[in-house]
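Enquirer:
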Amino acid sequence: MKIIGGCTLLLAPLLLTRCDIPKDPAGSLDAARQTALQVGVTDNSPFVILQGDRPSGLEVALLEDFAVAQGLRISYRKGSESTLVKMLENRLLHIAIGGFEKGSIWQSKAGFSAPYDSTHVLLIPKGENRLLYELEKTILNHPR
């Protein structure tokens with residue numbers, strides 16, 4: 001029995017490298033690579049500022065760093081918080097930004113990233129793993 005357990009421990013890393021971990025059940029990251037990262041934005045300064053043709057703000061800068069790291073183009077879509085969350089649920093967006101807090105009312109309807117400061121998170125569709133994994137790598141490396 002010890003031999004089988006030892007072999008399992010030795011083979012586990014090899015088996016994991018053969019798997020597609022983390023999973024991307026909806027293929028969102030691959031779809032974003034083929035077309036564009038669909039990002040929903042709602043006006044909430046200093047996180048997202050909607051003025052002129054292009055949004056700006058702290059979270060826009062964070063996502064632009066993510067897009068550069070992943071080789072993605074970003075397509076922004078404006079809307080209210082509730083509209084953006086509905087779009088996430090329908091998988092019309094990959095990410096929603098706008099100063100969302102980790103204890104927000106949207107946690108039952110959207111997935112949350114790790115906080116990029118002590119409170120604020122980015123919203124993603126529930127069930128996204130690879131997109132979230134890559135996004136959180138950027139969050140961890142982003143200056144605070």
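Just so you know, full-length UniProt numbering puts 37 at position 37 of the sequence shown, and the rest follows in order with no gaps.
Heads up, the beta-carbon is just placed ideally off N, CA and C, and yes, glycines get one too.
How big is the Cα-Cα spacing for residue 138 and residue 110?
Expert: 20 Å
Enquirer: Whose CA, out of 79, 50, 51 and 93, lies closest to the CA of residue 32?
Expert: Of 79, 50, 51 and 93, the residue nearest in Cα terms is 93.
Enquirer: For my contact list, residue 95 and residue 39 are in at a C-beta cut-off of 8 Å; report their separation, rounded to the angstrom.
Expert: 5 Å
Enquirer: Hey, quick one: how far does the beta strand (DSSP E) through residue 75 stretch, first residue to last?
Expert: 74 to 78
Enquirer: Tell me whether residue 121 sits in a helix, a strand or coil according to DSSP, three-state version.
Expert: coil
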